[in-house]
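Notes follow once the structure below has been shown.
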Amino acid sequence: MSAAPPAADVDRTGRAAVAEAARRRTFAVISHPDAGKSTLTEALALHARVIGQAGAVHGKAGRRGTVSDWMDMERARGISITSAALQFEYRDAVVNLLDTPGHADFSEDTYRVLTAVDAAVMLVDAAKGLETQTMKLFAVCKHRGIPIVTVVNKWDRPGKDALELMDEIAERTGLTPTPLTWPVGIAGDFRGVLDRRDGTFRRFTRTAGGATIAPEEQLTAAEATAREGEVWAQAVEEAELLEATGAEHDQESFLGGVTTPVLFASAVSNFGVGALLDTLVDLAPAPTGRPDADGAVRGLDQPFSAFVFKVQSGMDAAHRDRLAYIRICSGVFERGMVVTHGRTSRPFATKYAQQVFGRERESVDVAYPGDVVGLVNASALGVGDTLFTERPVAFPPLTTFAPEHFAVVRSRDTAKHKQFRKGIEQLDSEGVVQVLRSERRGDGSPVLAVVGPMQFEVATHRMEHEFNAPVALDRLPYSLAMRTDEESLPLIASSGGVEVVQRPSGELLALFPDKWALRILQQRHPRATLEPLVAAQLA
14 MSAAPPAADV
24 DRTGRAAVAE
34 AARRRTFAVI
44 SHPDAGKSTL
54 TEALALHARV
64 IGQAGAVHGK
74 AGRRGTVSDW
84 MDMERARGIS
94 ITSAALQFEY
104 RDAVVNLLDT
114 PGHADFSEDT
124 YRVLTAVDAA
134 VMLVDAAKGL
144 ETQTMKLFAV
154 CKHRGIPIVT
164 VVNKWDRPGK
174 DALELMDEIA
184 ERTGLTPTPL
194 TWPVGIAGDF
204 RGVLDRRDGT
214 FRRFTRTAGG
224 ATIAPEEQLT
234 AAEATAREGE
244 VWAQAVEEAE
254 LLEATGAEHD
264 QESFLGGVTT
274 PVLFASAVSN
284 FGVGALLDTL
294 VDLAPAPTGR
304 PDADGAVRGL
314 DQPFSAFVFK
324 VQSGMDAAHR
334 DRLAYIRICS
344 GVFERGMVVT
354 HGRTSRPFAT
364 KYAQQVFGRE
374 RESVDVAYPG
384 DVVGLVNASA
394 LGVGDTLFTE
404 RPVAFPPLTT
414 FAPEHFAVVR
424 SRDTAKHKQF
434 RKGIEQLDSE
444 GVVQVLRSER
454 RGDGSPVLAV
464 VGPMQFEVAT
474 HRMEHEFNAP
484 VALDRLPYSL
494 AMRTDEESLP
504 LIASSGGVEV
514 VQRPSGELLA
524 LFPDKWALRI
534 LQQRHPRATL
544 EPLVAAQLA
């Protein structure tokens, strides 16, 4: 065993971790599908000068696909299925931006990403307001104590009244909206914003296709009156109404999850994006010490620790790699360092460490609390695993959502059994699907369980194109899974329409077609063990 580092080195490393963590702003962009998350992600990168030109999945002919959406299915459908991470410097801060799936079928992946961030940007469609998935994600953020900055997007298109949207946010989320900017011009006639902090008018000019940073002109109130007339006067009147109702930003209330700062923008046209970046740097919290599984806080200056919140493979078809995303919680990460894998207590070498954004990669030599690092070819790591040096630590396990859709999967080509098995194991370890074993069907026909049916499409697509093992799915008539045990099996077996399957961990699940079938069995056999899974009830 190697000798412990000198105390002076430990102290110096701890101070560096604390100082660098103070510069970090780690946040996720979340919302309902089609609200513009990936577009906003690229607009933020554009404003930070990370990329030279923004693309959009649904854009004019010749525009590039969104950089963060690397999977072919994402490009074809115009949605984000996977999550992307991007780090860049802005002003004196280091920004870690995580883009997430918005589709409800992939809410479990979004939930995992939310365990790795310190703040969230919630995107609200100006025309649609707070949609179902938006509300679910608000609830998850609130439960986890994640401060939320709200962006009303697509103000350059016809939509709801701004004051009406503020009422909707307050009534449906319980958060008090405190607009930092206010739109000049109704939705669909976006002239710019009134900056409530200094009373100036930030006037925007469209660019060709919104592919470059929109020029911004700052005018005084008098100049705005002369330029915009009645439209400016209405914005001022509404801003005064907000002031009268006490809708003013208070940092303590924001961090405490009582209020949400609001900005108005058009991500596709790059309107209001620079203001959002400034707001994140000025208001979003820096990383703090993270509680372990027992509730004790591991300080930022403690030896290195991190946890795996996502595993992804197939990002580089030429190399068949497998990448584990880790969120650093304490200490300093140095590429090549040997850490301990908490689940196995075995050493793990970090020779290949990268930052990944879409198909683009860059090696990481040093990283600090709040940073997200991708460990390449990390076949031993699974979602929720902890890594550490010196003093052991275990962070709380990540929630697994209760599946609602089930299907038997089988290989279309019996000669490709090896590829089939490898692919299914890979998808299970990534959390793309949950793989269940059924004695009734045998090992060659496992049962796939998912939160949403689009996960079946992703699994089928990836089995064929990544693992060269085309599969067929036979949907099963179940919609509810309950945890059970060996003693209850004879009682469950006596009820028709119920199937018992096993997770890789050995845990037994009873599958029911609906809640009525469950209720009947519980009435007949009240002593049978039937426990609900830790599920998406938070959302």
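The numbering of the sequence shown is my numbering, which starts it at 14 and goes up by one.
For every residue, glycine included, the Cβ atom is placed at its ideal position computed from N, Cα and C.
Being a predicted model, the structure only gives us computed values, none of them experimental.
Entirely within the segment 518-551 and at least 3 residues each: give me those beta strand (DSSP E) ranges in chain order.
Counting only runs of 3 or more, we get 521-525.
Per-residue burial, E468 [other beta carbons within 10 Å of its own, 16 or more giving buried]
Residue 468 is actually Gln in this sequence, not Glu. Within 10 angstroms of the beta-carbon of Q468 lie 16 or more other beta-carbons, which makes it buried.
Considering Cα atoms alone, identify which of K429, S424, E417 is closest to V446.
For the residues K429, S424, E417, the minimum Cα distance to V446 belongs to E417.
Cβ distance (whole Å) where A299 is taken to contact A34 below 8 angstroms
With a contact defined as Cβ atoms closer than 8 angstroms, A299 and A34 qualify at about 6 angstroms.
C-alpha gap between A462 and G444, whole angstroms
Per the coordinates, the alpha-carbon of A462 lies some 10 angstroms from the alpha-carbon of G444.
Counting beta carbon pairs with one atom in the segment 239-251 and one in the segment 282-292, are three or more of them shorter than 8 angstroms?
Flag = no, the segment 282-292 and the segment 239-251 do not touch.
For Q264, report the span of its alpha helix (DSSP H) as first-last.
That run of the alpha helix (DSSP H) goes 264-268.
Does T301 come out as helix, strand or coil in the three-state DSSP assignment?
It is coil, neither helix nor strand.
Would you mind reading off the limits of the alpha helix (DSSP H) that contains I437?
I437: member of the alpha helix (DSSP H) spanning 430-443, first to last residue.
Taking C-beta to C-beta, are A133 and V286 nearer than 7 angstroms?
When the beta-carbon positions are compared, A133 and V286 stay at least 7 angstroms from each other.
Taking the alpha carbon of I341 as the point to measure from, which residue in R404, V275, W195, Y381 has its own alpha carbon closest?
Looking from the CA of I341, the closest CA among R404, V275, W195, Y381 belongs to Y381.
From which residue to which residue does the beta strand (DSSP E) around I43 run?
Its beta strand (DSSP E) spans residues 37-44.
Between I437 and Q325, what straight-line distance do the alpha-carbon atoms span, to the nearest angstrom?
Going by the C-alpha atoms only, they are around 13 angstroms apart.
Specify, as a first and last residue, the run of the beta strand (DSSP E) that T273 falls within.
According to the DSSP assignment, T273 belongs to the beta strand (DSSP E) that extends over 272-277.
Measuring CB to CB, does L193 end up less than 7 angstroms from F214?
Cβ atoms of L193 and F214: not closer than 7 angstroms.
To the nearest whole angstrom, what separates the beta carbons of L493 and F525, a pair I think is in contact under 8 angstroms?
The C-beta separation of L493 from F525 comes to about 4 angstroms, placing the pair in contact by the 8 angstroms criterion.
Please name the residue, chosen from T497, T39, P196, that lies closest to V206 on a Cα-to-Cα basis.
Ranked by Cα distance from V206, the first of T497, T39, P196 is P196.
Jot down the residue ranges of each uninterrupted alpha helix (DSSP H) in the segment 101-174, minimum 4 residues, whole runs only, in chain order.
Listed in chain order, the complete alpha helix (DSSP H) runs (minimum 4 residues) inside the segment 101-174 are 120-127, 145-157.
Within 8 angstroms, do at least three Cβ pairs link the segment 179-187 to the segment 232-244?
Counting Cβ pairs under 8 angstroms, fewer than three are found: no touch.
Please classify H430 as buried or exposed, where buried requires at least 16 other C-beta atoms within 10 Å of its C-beta.
So H430 ends up on the exposed side.
If you pair each beta-carbon of the segment 494-514 with each one of the segment 386-405, do three or more pairs fall below 8 angstroms?
The answer is no - the segment 386-405 does not touch the segment 494-514, with fewer than three Cβ pairs under 8 angstroms.
Would you mind sorting Q550 into buried or exposed? The rule is 16 or more other CB atoms within 10 Å of its CB.
Interpretation of Q550 is limited by its pLDDT of 40, a score under 50 that renders its predicted location unreliable; the figure taken from the coordinates is listed afterwards. Per the 10 Å Cβ criterion, exposed.
Just list the residues that DSSP pairs F217 with in beta bridges.
Looking at the DSSP output, F217 shares a beta bridge with E229.
May I ask you to report which of helix, strand or coil DSSP gives R28?
DSSP places R28 in helix when its eight states are reduced to three.
Would you kindly check if the distance between the Cβ of R311 and the Cβ of S343 is under 7 angstroms?
Contact flag set, yes.
In this structure, how does DSSP classify I505 when only helix, strand and coil are distinguished?
Secondary structure of I505 (DSSP, three-state): helix.
According to DSSP, what are the bridge partners of M495?
DSSP output for M495 lists A523, P545 as bridge partner(s).
Close Cβ partners of P316 (< 6 angstroms) along its chain, the five nearest in sequence each way excluded
Within its own chain, the residues whose Cβ lies closer than 6 angstroms to the Cβ of P316, once the five positions on either side in sequence are excluded, are G344, T402, E403, R404, listed in chain order.
T95 in three-state terms, based on DSSP
Caution is warranted here: a pLDDT of 49 is assigned to T95, below 50, making its placement in the model unreliable, and no coordinate value can be reported.
Local conformation of Q515 per DSSP, three classes:
Three-state result, Q515: strand.
If you draw a straight line from the C-alpha of T147 to the C-alpha of S507, how long is it?
Approximately 42 angstroms between the Cα atoms of the pair.
With V460 as the anchor, note down where its beta strand (DSSP E) starts and where it stops.
Annotation: the continuous beta strand (DSSP E) that includes V460 extends over 460-463.
Boundaries (first-last residue) of the alpha helix (DSSP H) holding V244
Counting along the chain, the alpha helix (DSSP H) containing V244 begins and ends at 243-257.
Beta-carbon spacing of T497, L521 below 7 angstroms
Yes, the pair counts as a contact, with Cβ atoms nearer than the cut-off.
I believe A306 touches V321 by the beta-carbon criterion, under 8 angstroms. Please report the beta-carbon distance rounded to the nearest angstrom.
The pair is not a contact, with the Cβ atoms about 15 angstroms apart (cut-off 8 angstroms).
Determine whether the beta carbon atoms of G27 and K155 lie at a separation below 7 angstroms.
No, the Cβ-Cβ distance between G27 and K155 is not below 7 angstroms.
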